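Asker: So the sequences go chain by chain: A and B.
Position 55 of the first sequence, counted from 1, bears residue number 507 in this note's numbering, the numbering being contiguous throughout.
Position 103 of the second sequence, counted from 1, bears residue number 105 in this note's numbering, the numbering being contiguous throughout.
Even for Gly, the Cβ is constructed at its ideal location relative to N, Cα and C.
Since the structure is predicted, the reported quantities are computational estimates derived from the model, not experimental observations.
Take a look at the following structure, please.
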Amino acid sequence: NAGVTQTPKFQVLKTGQSMTLQCAQDMNHEYMSWYRQDPGMGLRLIHYSVGAGITDQGEVPNGYNVSRSTTEDFPLRLLSAAPSQTSVYFCASSYKTHGLQHFGDGTRLSIL
Amino acid sequence: DQQVKQNSPSLSVQEGRISILNCDYTNSMFDYFLWYKKYPAEGPTFLISISSIKDKNEDGRFTVFLNKSAKHLSLHIVPSQPGDSAVYFCAAGISNNDMRFGAGTRLTVKP
Numbered sequence: 453n454a455g456v457t458q459t460p461k462f463q464v465l466k467t468g469q470s471m472t473l474q475c476a477q478d479m480n481h482e483y484m485s486w487y488r489q490d491p492g493m494g495l496r497l498i499h500y501s502v503g504a505g506i507t508d509q510g511e512v513p514n515g516y517n518v519s520r521s522t523t524e525d526f527p528l529r530l531l532s533a534a535p536s537q538t539s540v541y542f543c544a545s546s547y548k549t550h551g552l553q554h555f556g557d558g559t560r561l562s563i564l
Numbered sequence: 003d004q005q006v007k008q009n010s011p012s013l014s015v016q017e018g019r020i021s022i023l024n025c026d027y028t029n030s031m032f033d034y035f036l037w038y039k040k041y042p043a044e045g046p047t048f049l050i051s052i053s054s055i056k057d058k059n060e061d062g063r064f065t066v067f068l069n070k071s072a073k074h075l076s077l078h079i080v081p082s083q084p085g086d087s088a089v090y091f092c093a094a095g096i097s098n099n100d101m102r103f104g105a106g107t108r109l110t111v112k113p
């Protein structure tokens, strides 16, 4: 039972590079989300999706792009990496928008 | 705007004693409250929740109390065990779209 799987676990980028953080869930959950965690702050919602083909912005969406072509996958794209995007990124999923969220183990991203 | 605050970054207790973790929120529209537990290099895992229609919810050694008038919730762990050592996040919201998380409290339970 894999749950929510995030890849990679660690990544170092140079300023201006782009990359995609992968997230997959095998629980047939409709709702998926991306958060970032910074020191001294709680998890902040970047983008979310209530089902395949539907995405929306969260609290801190700037500099990130998402798509949801399948129920299972919800990749997060950094268009042009900036040092301010250095963070730990968590993907989560839940059965419904009001359901309990299950988190992946995170991707630690450093941007130089 | 930090709508959910955990004012104690860390807490240390002796094994067998009670651990009390506190959380304050500002938005009176929040009606669902959760506690997550996080070990290093892992994602947060759900611990216990409470809705605004209740003021207490128990699950084994864990109890969450909600004081709506004070916009305050707390998590009690009795008795505390070394395996409870982790970072605890409180979260509050109406749905997952607007869930706000506190910055976390690092609990250390000493044998």
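Would a check of beta-carbon distances place A/Q553 closer than 8 Å to chain B?
Answerer: Taking the first sequence and counting its residues from 1, the one referred to as residue 553 of chain A is at position 101. So, interface residue.
Asker: Helix, strand or coil, according to DSSP, for A/Q463 in the structure here?
Answerer: As a working note, residue 463 of chain A is residue 11 in the first sequence. It is a strand residue.
Asker: List, in chain order, every chain A residue whose beta-carbon is nearer than 7 Å to that of B/A94.
Answerer: Walking along the second sequence from the start, residue 94 of chain B turns up at place 92. Going along chain A, no residue has its Cβ under 7 Å from B/A94, so there is no contact; the nearest lies around 10 Å.
Asker: Taking only beta-carbon positions, decide if A/Y426 is within less than 8 Å of chain B.
Answerer: It is not possible to answer for residue 426 of chain A, since the shown part of chain A is limited to 453 through 564.
Asker: Near B/L36, what residues of its chain come up, given a Cβ to Cβ distance below 6 Å and the 5 sequence neighbours on each side ignored?
Answerer: Within the second sequence, numbered from 1, the residue matching residue 36 of chain B stands at position 34. So the list reads S51, A93, once near-sequence residues are dropped.
Asker: Taking a cut of 7 Å between CB atoms, which residues from the stretch 459-482 of chain A lie near chain B?
Answerer: Within the stretch 459-482 of chain A, no residue qualifies.
Asker: Do the stretch 84-100 of chain B and the stretch 23-36 of chain B touch if we need at least three Cβ pairs shorter than 8 Å?
Answerer: Touching, yes.
Asker: What whole-angstrom Cβ distance do A/N514 and A/R529 have, given they're in contact under 8 Å?
Answerer: The sequence position of residue 514 of chain A within the first sequence is 62, counting from 1. The sequence position of residue 529 of chain A within the first sequence is 77, counting from 1. Actually they are not in contact, since the Cβ atoms of A/N514 and A/R529 sit about 13 Å apart, beyond 8 Å.
Asker: So within the stretch 459-524 of chain A, which uninterrupted beta strand (DSSP E) runs reach at least 3 residues, ignoring any that extend past its ends?
Answerer: For the stretch 459-524 of chain A, whole beta strand (DSSP E) runs of length 3 or above, ordered along the chain, are 462-465, 471-477, 483-489, 496-503, 506-509, 516-518.
Asker: Quick one: what's got a C-beta closer than 7 Å to A/Q509's C-beta in the same chain, skipping five residues either side?
Answerer: Against the first sequence, residue 509 of chain A aligns to sequence position 57. H499, listed in sequence order.
Asker: For a cutoff of 8 Å on Cβ pairs, would you count B/G62 as touching chain A?
Answerer: As a working note, residue 62 of chain B is residue 60 in the second sequence. Chain A, which has no Cβ nearer than 8 Å to the Cβ of B/G62, makes this no.
Asker: Leaving aside the five residues before and after B/N69 along the sequence, list all residues of the same chain whose C-beta is less than 6 Å from its C-beta, in chain order.
Answerer: As a position in the second sequence, residue 69 of chain B is number 67, starting the count at 1. Within the same chain, B/N69 has no close Cβ partners at all.
Asker: Report back the beta-carbon spacing between B/K58 and B/F67 to the nearest angstrom; my notes put them in contact at under 8 Å.
Answerer: Numbered from 1 along the second sequence, position 56 holds the residue referred to as residue 58 of chain B. Numbered from 1 along the second sequence, position 65 holds the residue referred to as residue 67 of chain B. Indeed, because the Cβ distance is near 5 Å, the residues count as touching under 8 Å.
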